[in-house]
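Chemist:
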Amino acid sequence: MEFIEQSNAKKQTRISGLRNLGRFGGVWSCGPQGGALLNSYLINKDPIFLDYVKESAAHLEGLRTKEKTDPETQMDRKGLDGVYANIATMARLGHLTGEQHYFDFCVELVKETELFYEPSLKLYAQTYYPDLKVTNNMLNEAASRHLE
């Protein structure tokens, strides 16, 4: 991180893809970064990379648990891309460690994808809004009918 910050400050290079490294926010700051570092671990077996991926995974599991138990922390929308971004890393981590809870996390996410499916269109939507119980396609369709 120090190298990235110094390089960016000097404007010699612009390394922005890792700007959230170590800052566990949501799905995008954990899943894809975890996957990249998991690749690094598989190459050089430095435990610092595996520790980071495990910490990232624990953060994702914590977010999921908190969202299920505390209505105040539920997301106002869910993106199907977040499912993809996290399953790839969590399943690989489960395979590497043999720990079942990583696979359980993946199964929960896969089951949740049915919220995004729209039988009338035979397609999956990009976004689901839990409070409204609709997808972005449903909202777009309703808006189009309203404008007619």
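For the sequence shown, our numbering begins at 1171 and goes up steadily by one. Idealized CB from N, CA, C, for every residue including glycine.
Following the continuous beta strand (DSSP E) through THR1297, name the residue where it begins and the one where it ends.
Modeler: THR1297 -> beta strand (DSSP E) spans 1297 to 1299.
Chemist: Would you report the Cα separation of SER1226 and GLY1204, rounded to the nearest angstrom?
Modeler: 6 Å
Chemist: I think GLU1237 touches PHE1275, with their Cβ atoms under 8 Å apart; what is that distance to the nearest whole Å?
Modeler: Between PHE1275 and GLU1237 the Cβ distance is about 13 Å, and since that is not below 8 Å, they are no contact.
Chemist: Strictly by DSSP, which residues pair up with LYS1248?
Modeler: TYR1298
Chemist: What does the Cβ neighbour count give for GLY1268, buried or exposed, with the cut at 16 atoms within 10 Å?
Modeler: exposed
Chemist: For the stretch 1258 to 1265 and the stretch 1293 to 1305, state whether three or more C-beta atom pairs, one from each stretch, are separated by less than 8 Å.
Modeler: no
Chemist: Starting from PHE1219, trace the alpha helix (DSSP H) in both directions and tell me its first and last residue.
Modeler: 1217 to 1239
Chemist: Take LEU1250 as the anchor and find which of LEU1263, PHE1286, GLU1311 and LYS1224 has the nearest alpha-carbon.
Modeler: PHE1286
Chemist: Tell me, to the nearest whole angstrom, how far the beta carbon of LEU1263 is from that of TYR1272; I am working on the premise that it is less than 8 Å.
Modeler: 5 Å
Chemist: Output needed for ASN1209: all residues of its chain with C-beta closer than 6 Å, excluding positions within five of it in sequence on either side, in chain order.
Modeler: none
Chemist: What whole-angstrom Cβ distance do ASP1240 and ASP1301 have, given they're in contact under 8 Å?
Modeler: About 15 Å separates the two Cβ atoms, so there is no contact after all.
Chemist: So what does DSSP say about LEU1212, is it helix, strand or coil?
Modeler: Secondary structure of LEU1212 (DSSP, three-state): helix.
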